[in-house]
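First residue of the sequence shown? That's 1085 in the numbering used here, and the numbers climb one at a time after it.
Glycine is no exception: its CB is placed at the ideal position from the N, C-alpha and C atoms.
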Amino acid sequence: MKSKLKNKIKKKHIYIFPALSLLLLIIFANKPENSISEMKKVREPVVAGSWYPGDKPTLKADIKKYLDNVKKADLNGTIKAIIVPHAGYRFSGQIAAAAFKQIDTDYETVILMGPSHAYPLNDASILNVTHYKTPLGEIPLSKKVKELLKEDIIKTVPEADAQEHSLEIELPFLQETLTNFELIPILVGDIDPNKFKQVLLKQIDDKTLIVVSVDLSHYHPYNEAKKLDSYSINSIISLDSEGIFDAEIDAPWAVSTLINIAKEKNWKPVLLYYANSGDITGDNSAVVGYSAIAFVEQHEKDKNNEKKELLAKEEQKTLLKLARNTIETYLKTGKKPNVDETKLTPTLKKVQGCFTTLNKNHDLRGCIGHILPQEELYKCVMDNAISAAVSDPRFNQVGYNELKDIKIEISVLTVPKKLKFSSGEDLKNKLRPMIDGVVLKKGWHQSTYLPQVWEQLPNKEEFLSSLCVKGGMDSNCWQDTKTEVSTYQAFVFEEEKK
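Quick look at the structure:
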């Protein structure tokens, strides 16, 4: 009797287990494709050990070295987004560190965007996993991913991630600069930036950091690459979400989306570092460009005081002495002088655009500068002082014995702002002589005049026509509403008469 009962129980077990397996199969088969599995599923690293160290101690030491080599920038606000490169650490790790070093808020969510290099992706893709893994540990995906996957422009495309490095390469830096954050990893393809902006805005709060992983131009000679990269960086800094599509840059759709978000949120872009692979390896034949750019939400008091930020008299004297000493030292030795940064005020170490101008007997002898903020102000003055003395293509190099006859002038610039105009006449009416510096940009052509140029060209039509010709454009380019016009102001000071 007992034997028959055991046989019946065994037969029931035989039927129960296949039925249970079939039920589970049906449940998982009916799970929506664009959803993150409830079961733990880890995206393993694919470039650890090649693009960056594969063991934890070496990786931590590498990142610490890169971060220790960077100083905190005076950004006057809170970092809301960064653009960083994604080459192997030996090429672009130091540039990436320049941005990650600035993170000063313990963000809870990181939206990480990058391109898919090997797969022609349309729209955007989020991988169907619960965690991303590096040698430093696992990072959980945000619960917001489920909401994003309900959007028709975001799918799960495993092929796009197959051997992709653009997202993975940033994760160890995030792990070393943040604690307990959740990840929204998005590979971005050909997508509508305005529509994508609206999708992401619904998921962004005060504890969200956006990281866009992109490299600049690829495999051009050094000087050509610098020109191409300058266009890309200028497009970003000037918040030109359409012009970025004319640039040579990875994932312009992701960058354009970030620019649109920045305009919506009133975030200010600041260039922290630019270099290319030639600067690292010494091989300038075919280089790749890298940039570190921060998007900053200014503190309210800084917004209100922005126009009042001028240099004190002693700061002006410091920069003028530094400019002259730099030129003298460079003409003697071919090197820049050493600078004791501890003696500089925070204002002089602020990232800001500037021009250094050399005048001889009231005539221009050299003038070079950066319209957009690229480096700390004192470095900007030093670099442009050298360039004005030896690299202005309009003049011969300044001789050492000539310096005694040269007066140095420095212009510290505000960030250019786009000026909308409906016609040439409308543009003329909006310009303010002696106040506005002007940038004209059409396609690859760009030129600028500082506000003090109005002294030589007070007539608005002559000023604008001359500026067009300076940039290699038709003299009437300023009347074309397709020409982009930006204006900025300058705080100008010069050496006293001897």
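(request) Compute the Euclidean distance between the alpha carbons of Tyr1462 and Ala1472, then round it to the nearest angstrom. (result) 15 Å
(request) Please classify Met1518: does DSSP put it in a helix, a strand, or coil? (result) coil
(message) Taking contact to mean 3 or more Cβ pairs, one atom from each stretch, closer than 8 Å, check whether the segment 1347 to 1358 and the segment 1398 to 1413 are in contact.
(response) no
(request) Compute the distance between the beta-carbons of Met1197 and Val1272, then report whether it is under 7 Å. (result) yes
(message) Quick check: Ala1073 and Thr1365, are their CB atoms within less than 7 Å of each other?
(response) It is not possible to answer for residue 1073, since the shown part of the chain is limited to 1085 through 1582.
(request) Would you check if the distance between the CB atom of Lys1444 and the CB atom of Ile1490 is smaller than 7 Å? (result) yes
(request) Tell me whether Asn1585 is buried or exposed, calling it buried when 16 or more other Cβ atoms sit within 10 Å of its Cβ. (result) Residue 1585 lies beyond the range of the chain shown here (1085 to 1582); nothing can be said about it.
(message) What does the alpha-carbon distance come out to for the pair Lys1512 and Val1576?
(response) 24 Å
(request) Compare the beta carbon distance of Val1496 and Cys1451 with 7 Å and say whether it is the shorter of the two. (result) no
(message) Excluding the 5 residues flanking Asn1529 on each side, which residues of the same chain have their C-beta closer than 6 Å to its C-beta?
(response) Looking at the sequence shown, residue 1529 is not Asn but His. Cβ neighbours of His1529 beyond the five flanking positions: Gly1555, Gly1556 and Met1557.
(message) Residues in the same chain with beta-carbon distance under 8 Å from Lys1544, minus the five sequence neighbours each way, listed in chain order, please.
(response) Lys1512, Leu1515 and Pro1517
(request) Tell me whether the beta-carbon of Ser1570 lies closer than 7 Å to the beta-carbon of Lys1504. (result) no
(request) Below 6 Å CB to CB, which residues in the same chain sit around Gln1481 once its five sequence neighbours on both sides are set aside? (result) Val1474
(message) Quick check on the DSSP output: the alpha helix (DSSP H) that includes Tyr1462 runs from which residue to which?
(response) Leu1461 to Val1474
(request) Buried or exposed for Asn1167, please, with buried defined as at least 16 other CB atoms from any protein chain shown within 10 angstroms of its CB. (result) It is Ile, not Asn, that sits at residue 1167 in the sequence shown. When all chains shown are included, Ile1167 counts as buried.
(request) Check each candidate in Ile1519, Leu1404, His1454 and Val1522 and name the one with the smallest Cα separation from Ile1494. (result) Leu1404
(request) Classify Asp1313 as buried or exposed, calling it buried when 16 or more other Cβ atoms lie within 10 Å of its own Cβ. (result) buried
(request) Quickly, what does DSSP pair Asn1360 with across the bridge? List them, please. (result) Gly1373
(request) Look at the alpha carbon of Ser1550 and the alpha carbon of Glu1539, and state the distance between them as a whole number of angstroms. (result) 14 Å
(message) Three Cβ pairs or more, each shorter than 8 Å: is that satisfied between the segment 1241 to 1257 and the segment 1191 to 1208?
(response) yes
(request) Keeping to the same chain, check which residues put their C-beta closer than 6 Å to that of Tyr1182; ignore five residues upstream and five downstream. (result) It should be noted that the sequence gives Ala, not Tyr, for residue 1182. Here the set comprises Val1154, Leu1356, Tyr1357 and Ala1376.
(message) Taking its Cβ as the centre, do 16 or more other Cβ atoms sit within 10 Å of Leu1284, making it buried, or is it exposed?
(response) buried
(message) Rounded to the nearest angstrom, what separates Thr1565 and Ser1531 at their Cα positions?
(response) 16 Å
(request) Work out the CA separation of Asp1467 and Tyr1484 for me, nearest whole Å. (result) 17 Å
(request) Please work out which residues of its chain come closer than 8 Å, Cβ to Cβ, to Ile1195, disregarding the five sequence neighbours upstream and downstream, and give them in chain order. (result) Ile1268, Ile1270, Leu1284, Gln1287, Ile1288, Thr1292, Leu1293, Ile1294 and Val1295
(request) Could you pull the start and end residues of the alpha helix (DSSP H) that Glu1243 belongs to? (result) Pro1242 to Asp1245
(message) Report the CB separation of Glu1260 from Lys1144 in whole angstroms; it is logged as a contact under 8 Å.
(response) 7 Å
(request) Grab the span of the alpha helix (DSSP H) containing Leu1255 for me, first residue to last. (result) Leu1255 to Thr1261
(request) For Pro1353, write down the residues that DSSP places opposite it in a beta bridge. (result) Phe1379
(request) Give the range of the beta strand (DSSP E) segment to which Cys1451 is assigned. (result) Asp1447 to His1454
(message) For a quick check, are the C-beta atoms of Ile1328 and Pro1353 less than 7 Å apart?
(response) no
(request) Reducing DSSP to helix, strand and coil, say where Leu1534 ends up. (result) coil
(request) Using beta-carbon positions only, say whether Leu1232 and Val1380 come within less than 7 Å of one another. (result) no
(request) Look up Ser1297 in the DSSP assignment and say whether it is helix, strand or coil. (result) strand
(request) Determine, using beta carbons only, whether Pro1277 and Ser1361 come nearer to each other than 7 Å. (result) no
(request) Could you check which residue in Lys1140, Ala1157 and Ala1132 has the C-alpha nearest to that of Thr1431? (result) Ala1157
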